[in-house]
Amino acid sequence: MVNWFDGTATTPEDERQQIRQAIGWMEVVVGRYTPTHLDIGMNLEKHPVNMTGQMDCIDESINTTTYLTLFEQQGYLRWHRVTDRAYRGSLLDAHWAAQVEQVNNAVNYVIDSWFQDNGMLPYIAKSTEWLDLRWTFFRHRKDN
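Using our numbering, the letters of the sequence shown correspond one by one to residues 11 to 154.
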């Protein structure tokens with residue numbers, strides 16, 4: 011994973027792409043030792059929540075925040091800092107995601123790995139944009 015941070019990012023956008031790659035690989039590595047390699051993107055109507063290795067958005071957001079915190083502690087993040095997880099929705103449509111803040115302008119970005127299968131690249135967007143999206147936007151989104 012640290013190889014994704016080889017070559018210091020020259021812009022915040024570059025660093026977010028490095029984060030994206032590193033999170034995907036962290037999921038692959040962790041999945042070699044846990045049943046999370048079986049995780050299928052989302053966990054709604056098509057995927058029973060009791061499937062071995064299946065994770066909900068809370069699991070995904072905690073894991074991604076943990077990975078980001080490790081990257082931050084090791085000094086790999088220059089343009090961002092890890093913040094509290096992002097939350098949106100209501101009782102019946104709640105959703106969580108990891109979140110970072112761009113240090114030079116205080117803009118928050120979500121890193122949301124719940125929509126993709128294990129090891130695929132997470133969705134990254136400004137938190138303000140993510141708050142307005144519904145999960146149905148991602149139903150057919152597989153971009154790696």
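Virtual Cβ for every residue (Gly too), placed ideally from N, Cα, C.
{"Item": "Segment contact flag, the segment 119 to 137 with the segment 31 to 38, C-beta cutoff 8 Å, min 3 pairs", "Value": "yes"}
{"Item": "Top-ranked residue by Cα proximity to Thr20, from Ala108, Tyr86 and Leu48", "Value": "Tyr86"}
{"Item": "Gln109 to Gln31 span [Cα, whole Å]", "Value": "16 Å"}
{"Item": "Secondary structure of Ala32, DSSP reduced to three states", "Value": "helix"}
{"Item": "Rounded straight-line distance, which links the Cα of Met52 to that of Asp66", "Value": "7 Å"}
{"Item": "Separation of Thr74 from Glu25, as counted between CA atoms", "Value": "16 Å"}
{"Item": "The beta strand (DSSP E) enclosing Gln83, as first and last residue numbers", "Value": "Careful: Gln83 lies outside any beta strand (DSSP E), inside the alpha helix (DSSP H) at Cys67 to Gln83."}
{"Item": "Top-ranked residue by Cα proximity to Asp49, from Tyr43, Val117 and Thr62", "Value": "Thr62"}
{"Item": "Length of the line joining the Cα atoms of Glu23 and Glu82", "Value": "16 Å"}
{"Item": "Backbone CA spacing between Lys136 and Gln112 [nearest angstrom]", "Value": "10 Å"}
{"Item": "Local Cβ density within 10 Å of Glu70, reported as buried at 16 or more and exposed below that", "Value": "buried"}
{"Item": "Arg103 versus Leu143 - alpha carbon distance", "Value": "It should be noted that the sequence gives Asp, not Arg, for residue 103. Using only the alpha carbons, I get a separation of about 11 Å."}
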